[in-house]
Amino acid sequence: MKSIIVGTAGHIDHGKTALVRALTGVNADRLPEETRRSITIDIGFADLDLGEVSIGFVDVPGHERFVKNMLAGAHGIDLVMLVIAADESVMPQTREHFDICRLLGVRNGLVVLTKKDLIDEELLAVAQAEAQELIAGSFLKDAPLVAVSSRTGEGIDELKSALREIGLRVPPRSSEFITRLPIDRAFTMRGFGAVVTGTLIAGEISEGEELELLTAPSLLPGKRVRVRGLQVHSKSVSRATSGQRTAVNLGGIETAAIDRGMLLAAAGRLLPTQIVDAEIQMLADAPRSLRSRQRVRAHIGAAEVLARVRVLEPGDEIKPGASGLAQLRFESAVVGVLGDRFILRSYSPQMTIGGGVIVDAFATKHRAPQAPAAREWLVALMKADRAGQVALFAAQAGTRGLRKVDLAARTGWRDEIIEAALAQAREAGSIIDAEAVLLSPATFEELKQKIMQDVAAHHAREPLSRGLRKETLRERHFAHAPIEIFRAVLVTLEQEGALLAEQEIVRSREHSRELSGDEARLRDRLEAIYCQAALEAPGMTEALALAGVSASAQQHGRKILQMLIDAGAVVRVRGEMFFHRQALDDLIEKLRAHASRNSDRAIDVAAFKELAGISRKYAIPLLEYLDHQRVTRREGDRRVIL
Ligand SMILES: Nc1nc2c(ncn2[C@@H]2O[C@H](COP(=O)(O)OP(=O)(O)OP(=O)(O)O)[C@@H](O)[C@H]2O)c(=O)[nH]1
Ligand SMILES: [Mg+2]
């Protein structure tokens, strides 16, 4: 059975609630004040089983002061019943509600002329003509126009067949988005705790599942909640699917912490935002253009949030009837993804002036000079397919890269959709994967170039240095970027053979430290000095003096010694204390021979001094070095030879 949501729309007192009652037997006015004043204040609900189609009705108030409440219910509907009282015909909220449906992208519906019992054929014809005029050229242009009387029941069966027929034609909701339920009510049920209701606009919810509740007015991340129970059309179910009015009993949260406008969503997918870029459509009868710095009320999902506008169009305005790009800077956090529709109302007096579609849900502030570039990027984003959108998001993220989790938060796409878009973008060569971070190929190339230039500059500056420390490169070029990008750049350069990495150092492939004849002789002399000195090795200054390095050439001599260290011929044991590798290897050999002669494989400092033939000055640093190299392990005053 197919589940769809049908919303009422229309002017106050035109018989919306009476119609829902005539169709379902349910009075959707649930507040005592509504019954007393015979007026709908807040949205109400009813359901109807039409065989192949199951309908959840959202009945909205027609009073102009309650448009805000109307919007909390109108956002997720599949189909609208535009209600027009035949005796009054088209009135202001008939138009406003209809405009709202158009701006929200509602694609299906019908017109119901009510109170047929109160008028004659002539008046009915007038109402029909006015209704036709209203819907001309709109999504309702070919929709049925049904005349009914909720009082006598005339036309109600005909209306039911029309609803069933359209309901069957309504395309199924996209299964490409993660679960989202904008909350329109929260209350406590005795013995159950917090219950929220709303239209499940995408995905599905199962009993026992963990979901996330977003968002407090701040930019705090969502709160995890558990689905204790579920109801659809007042019946307990184990699973609700998109297109159903759903009541969710939540564990892990108090009702007091939940408000209309919050969102129940798949856990760990969405993030609150405060600045979005959007394409705005202004109503033709909006009293004035939309301009920068204007304060507006944005209705997104079931939420109403105040925002400041920054128009991105030339001339800094979007005229009535026109569309254009603008940035909305919200005064409190909202949750929205690419493609989400919203309604804009003027701050005061409160009236609907237009609506829009989110293009970039996580925009940065655009100052006036940046507006043309921002526009160009947004236009490209609107035109692109998903793979193209991924590439554009990645390009925009620059050297910081786009994390896959950020892509999920911007789009609301399910993992399969993200992976498919990524695969296509990869195929087209429009993104580079740095593990879970995405970059544009141009940015990646730029980073590779920067690294190569820096390494080359280092070699030019320090021809005798082995290379540049990786950490130095990271700090210089990737301080604000995820580590994944740095790793990917290095790995790629290594794979391409441009760079050679040796532990913590990278050097360019061409860099060979070609030594002059004098330098090579000095290197050999120094090595010979350490080799001959064995464990009685001289300090650096002394060694350089022995090798005949003059006081003014000390710096140069140190670099040559460093080359011996880099090559592993000489080992720095501590500070200025160096030994030839051979001397250390011989010592380790002697220790192991000692160990094999002694059942406890241990040696103390005195025995070590004697074995190595060295003084205490050398013994302690050497033992500590050997501990560090895991040749020995300190146990009290003794060392165990490993
Ligand atoms: N005679 C007659 N009266 C009707 C009909 N439909 C509604 N009414 C009456 O019109 C009045 C308003 O009806 P509602 O259904 O409350 O109107 P509404 O559109 O829900 O009003 P709001 O929710 O406040 O916008 C009530 O007194 C109804 O009894 C009808 O078909 N025939
Ligand atoms: Mg009503």
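Going by my numbering, the sequence shown opens with residue 3, and the numbers climb by one from there.
Even glycine gets a Cβ: it sits at the ideal position worked out from N, Cα and C.
Short Cβ contact (9 angstroms threshold) for residue i with residue j
| i | j | result |
| --- | --- | --- |
| valine 60 | isoleucine 45 | yes |
| arginine 230 | glutamate 209 | yes |
| leucine 466 | valine 457 | no |
| arginine 299 | alanine 309 | yes |
| glycine 111 | leucine 73 | no |
| tyrosine 224 | proline 274 | This sequence places glycine at residue 224; tyrosine is not what is there. In contact: glycine 224 and proline 274 (Cβ atoms closer than 9 angstroms). |
| leucine 563 | methionine 542 | yes |
| alanine 2 | arginine 271 | Since the first and last residues shown for the chain are 3 and 644, residue 2 lies out of range. |
| phenylalanine 395 | leucine 440 | yes |
| asparagine 71 | valine 62 | yes |
| glycine 341 | alanine 288 | no |
| leucine 52 | valine 114 | no |
| leucine 266 | glutamate 214 | yes |
| methionine 93 | alanine 11 | no |
| leucine 314 | leucine 327 | yes |
| lysine 472 | alanine 503 | yes |
| leucine 524 | valine 493 | no |
| aspartate 279 | alanine 376 | yes |
| phenylalanine 47 | glycine 64 | no |
| valine 392 | alanine 363 | no |
| glutamate 178 | tryptophan 415 | yes |
| arginine 560 | leucine 546 | yes |
| valine 337 | threonine 217 | yes |
| alanine 149 | glycine 157 | yes |
| isoleucine 277 | glycine 358 | no |
| alanine 522 | tyrosine 532 | no |
| histidine 16 | threonine 116 | yes |
| alanine 268 | arginine 175 | no |
| alanine 304 | histidine 77 | yes |
| alanine 549 | arginine 527 | yes |
Outcome for residue i when other beta-carbon atoms lying within 10 angstroms are tallied against a minimum of 16
| i | result |
| --- | --- |
| glutamine 95 | buried |
| glycine 638 | exposed |
| leucine 2 | In the structure as shown, the chain begins at 3 and stops at 644. Residue 2 is therefore absent and cannot be evaluated. |
| leucine 530 | The amino acid at residue 530 is misidentified as leucine; the sequence shows alanine. Exposed, because fewer than 16 other Cβ atoms sit within 10 Å of the Cβ of alanine 530. |
| glutamate 306 | buried |
| leucine 170 | exposed |
| glutamate 544 | exposed |
| glycine 513 | The question names glycine, yet the displayed sequence has histidine at residue 513. Flag for histidine 513 reads buried. |
| tyrosine 349 | exposed |
| isoleucine 643 | buried |
| arginine 468 | buried |
| alanine 127 | exposed |
| lysine 619 | exposed |
| alanine 397 | buried |
| lysine 143 | exposed |
| histidine 460 | buried |
| alanine 423 | buried |
| histidine 630 | exposed |
| methionine 284 | buried |
| serine 1 | With the chain running from 3 to 644 in the structure shown, residue 1 is simply not present. |
| alanine 370 | exposed |
| glycine 615 | exposed |
| arginine 118 | First, the amino acid is wrong: residue 118 is lysine here, not arginine. Result: buried. |
| valine 381 | exposed |
| glutamate 591 | exposed |
| histidine 368 | buried |
| lysine 237 | exposed |
| glutamine 296 | buried |
| aspartate 159 | exposed |
| threonine 37 | exposed |
Within-9 angstroms CB hit, residue i to chain C
| i | result |
| --- | --- |
| serine 348 | Within the model displayed, chain C is absent; a lone protein chain is all it includes. |
Supposed close pair residue i, residue j - CB separation, criterion 8 angstroms
| i | j | result |
| --- | --- | --- |
| leucine 501 | arginine 511 | 7 angstroms |
| glycine 27 | isoleucine 79 | Going by Cβ atoms, the distance from glycine 27 to isoleucine 79 rounds to 21 angstroms, so no, they are not a contact pair. |
| lysine 641 | isoleucine 605 | Checking the displayed sequence, the identity of residue 641 turns out to be arginine instead of lysine. Going by Cβ atoms, the distance from arginine 641 to isoleucine 605 rounds to 5 angstroms, so yes, they are a contact pair. |
| threonine 401 | aspartate 101 | Incorrect: roughly 44 angstroms between the Cβ atoms, too far for contact. |
Near ligand 3: residue i beta-carbon under 8 angstroms from a heavy atom
| i | result |
| --- | --- |
| isoleucine 14 | This structure lacks ligand 3; its bound ligands are ligand 1 and ligand 2. |
Run the Cβ filter for me: residues under 5 angstroms from any heavy atom of ligand 2, listed in the order they occur in the chain. That gives Lys18, Thr19, Thr42.
Using 8 angstroms as the threshold, is the region 127-141 in touch with the region 197-206, meaning 3 or more CB pairs across them? With a cut-off of 8 angstroms, the region 197-206 and the region 127-141 do not count as touching, because too few Cβ pairs lie within range.
Determine contact between the region 5-22 and the region 241-260, defined as no fewer than three beta-carbon pairs at a distance below 8 angstroms. Judged by Cβ distances under 8 angstroms, the region 5-22 makes contact with the region 241-260, as three or more pairs qualify.
Answer yes if the region 318-333 comes into contact with the region 386-401, meaning at least three C-beta pairs across the two stretches below 8 angstroms, and no otherwise. Taking a cut-off of 8 angstroms for Cβ pairs, the region 386-401 and the region 318-333 do not touch, as fewer than three such pairs fall below it.
Any contact of the region 612-627 with the region 569-586, i.e. 3+ C-beta pairs under 8 angstroms? In short, these stretches touch, since the Cβ pair count reaches three.
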